[in-house]
Amino acid sequence: MMKLYAARLSVLFVTLVCHSLGLYAQVPSYYNGTDVNQTGNNLKTELAALITQTHTTELSYTPGVWEALKQTDLDPDNPENVLLIYGYNDNDGNIKTDRTGDKDNNGGNTGDWNREHVFAKSLGNPNLGTSGPGSDAHHLRASDVGFNADRGNLPFADASGNARKVSNSWYPGDEWKGDVARMVMYMYLRYGNRCLPSAVGTGPQVYSNEMMDIFLEWNAEDPVSQYEINRNNILENLQGNRNPFIDNPAFATSIWGGPQAENRFGNSPAPIANILINEVDSDTPGVDTMEFIELYDGGTGNTSLDGMVVVLYNGSNDQSYAAYDLTGYSTNAEGYFVLGNEDVPNVSVVFPGNTLQNGADAVALYSGTAADFPEGTALTTTDLIDAVVYDTDDADDAQLLTLLNSGQPQLNEAGAGDKDNHSLQRMPDGAGGARNTSSYSTASPTPGAANGNGEDNRTGVLINEIDADTPGTDTMEFVELYDGGTGNTSLDGMVLVLYNGSNDASYAAFD
């Protein structure tokens, strides 16, 4: 047994040296047969299949995970210790905050380390348990018993500095936030809807409807460490599979957008820029000479639109009738880009008046070129980045709605009774994420400027009903909000705060 263990570590040492230079000389052989230059759902699907098919060994929770962590979590500076996630100081006299611990001091007593489920078991749907995802060491870390208890099953929230509780959430610490992000991404790819990022993270979800913004930002802000690389190599030997986001954090950018993360493969995949369809005006006064489509990059500004194409679909046959290449163009300094009729303010790509069909029709943004979408091209979600399905008092088009995420509404430009003088626009800019339309409202057109003329349309959201005292132990309490009957009003950027009258201070807050 000892001989086998030593041989395994010798092989791993050679592997670690080869992988410790930051960039791979070439794409690792683990990804042979995978097109790593894909983007969006295509890349996500291939990587998910890869890490599932190669996950050939399921560790037992006891003793398998304990034994694994004594290999995967070794301190690179002292192999007699393990690194303790969330820890930050070995010299402050507080055992709980220690960054390292003796590798053999695993257990449940004060000063011991135990197994931290970064994706908390109880936040899985269903509970992750102690097998399958519950024993997948790609998200299990050595942690001080006390710090593990402090975190409990709190979801992660953004902050800075050392690990700590933040309101009713948990900040993992500056050193560990990238590790956490990449583990959450792995768990979502490997186990799908059982491990939703939204179950374990808080805050906005603007870059993608699938991935929380904080995880995309942490992945970019906290680069992969040698420790993570070591873990990944060892876990490939133990479980058979790897965490792709440790091998190449840029995979996350290519799939979900967000800030550009480190590209350790040195290749040049076409990342999905943070571009969304932000506003559409298809029905304007007279003969429709003020139609436009506005794109938005989240406010970054000067974002290249190379490799993107806007495609228009006609609901009468659910086929394309026009396509516009965006290569060579960029968003303006404020992050906007406008396609429209020649008299539309801030227009960059001009199309003739009366071009946009009035509904039920669709506008879609793809990775590709106009040549990929000749007139009469059937609907497709391949390489789709974002879409809007709209009408002017028309029935829903079930085929067009496949361009959106399940349950997202077709939009009615005549919804407020003034289709000629209203456009459909995300409020606030960029709200809702790709292929989500629930954050759209009707308002006066603002091509190339802040939607709602910079005003927040959510002032119509009110607290409508409260029940604070219910039978027994108060297990049916609730707070109800109401938007006046408008429906589908985005609550992005709002927070519900509870105050205690005994001290006139807040005791809970919900994003």
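Residues -25 to -1, 1 to 486, numbered by mature numbering (1 follows the signal peptide of the UniProt record, and there is no 0), are exactly what the sequence shown covers, in order.
For each residue, glycine too, the CB sits at the ideal point set by N, CA and C.
The beta carbon of G148 lies closer than 7 Å to those of Y61, Y63, N137, A138 in the same chain, with the five residues before and after it left out. Inter-residue distance for N387 and D119 is about 54 Å (C-alpha atoms, whole angstroms). In the DSSP assignment, L471 falls outside any alpha helix (DSSP H) and within the unbroken beta strand (DSSP E) covering 471 to 475.
For A23, the closest of N216, R401, A346 by C-alpha to C-alpha distance is N216. By the Cβ test, the segment 115 to 132 is in contact with the segment 34 to 44, since at least three Cβ pairs between them sit closer than 8 Å. Between the alpha carbons of N292 and N380 lies a gap of roughly 21 Å.
The shortest CA-to-CA distance from M187 to any of L437, R157, Q214 is the one to R157.
For L18, the enclosing alpha helix (DSSP H) covers residues 15 to 28. Counting C-beta atoms within 10 angstroms of its own C-beta, N333 has 16 or more neighbours from the protein chains shown and is therefore classed as buried. Between T75 and L59, the C-beta spacing is below 8 Å. Counting only unbroken stretches of 4 or more residues, the alpha helix (DSSP H) elements lying wholly within the segment 247 to 334 are 260 to 263, in sequence order. With 16 or more neighbouring CB atoms inside 10 Å of its own CB, I268 falls in the buried class. Contact check between the segment 366 to 377 and the segment 333 to 346: three or more CB pairs, one atom from each, fall below 8 Å, which counts as touching.
Restricted to the segment 390 to 456, the alpha helix (DSSP H) segments that are unbroken, complete and at least 4 residues in length are 446 to 449, listed in chain order. Fully contained in the segment 26 to 101 are the following beta strand (DSSP E) runs of length 3 or more, in chain order: 53 to 58, 75 to 77, 88 to 92. Remark: C-beta atoms of L331 and E266 approach each other more closely than 8 Å.
DSSP places L213 in the helix class (H, G or I) of the three-state scheme.
Taking a contact to require three or more Cβ pairs closer than 8 Å, the segment 347 to 362 and the segment 409 to 418 qualify as touching. In the structure shown, R126 adopts helical secondary structure according to DSSP, grouped into three states. Checking the DSSP bridge columns, you'll see A480 partnered with N475. By the criterion of a C-beta distance shorter than 6 Å, I70 is surrounded in its chain by G86, once the five residues flanking it on both sides are discounted. N16 and Y474 have their C-alpha atoms roughly 43 Å apart.
Taking C-alpha positions only, V155 is separated from A225 by approximately 16 Å. Leaving aside the five residues that flank F348 on each side, the residues in its chain whose CB is nearer than 6 Å to its CB run, in chain order, V286, S295, A298. For the 8 Å CB-CB criterion, Y36 and G109 form a contact.
Restricting attention to S4, D458, L314, the CA atom closest to the CA of E440 is found in D458. For W145, the enclosing beta strand (DSSP E) starts and ends at 144 to 146. Pairing L191 with G233 gives a Cβ-Cβ distance under 8 Å. Shortest Cα-Cα distance from R401 to any of G476, L314, S419 involves S419.
Judged by beta-carbon spacing, A484 lies within the 8 Å limit of N143, meaning their Cβ atoms are closer than that value.
For L379, there is no enclosing beta strand (DSSP E), since its DSSP letter is neither H nor E.
In the displayed model, Y365 falls within a strand according to three-state DSSP. Between the C-alpha atoms of A339 and L378 there is a straight-line separation of about 8 Å.
Spanning the alpha carbons of L376 and P384 requires a straight line of approximately 8 Å. Judged by DSSP secondary structure, D154 falls within the alpha helix (DSSP H) whose first and last residues are 152 to 166. The alpha-carbon separation between F240 and G427 amounts to approximately 42 Å.
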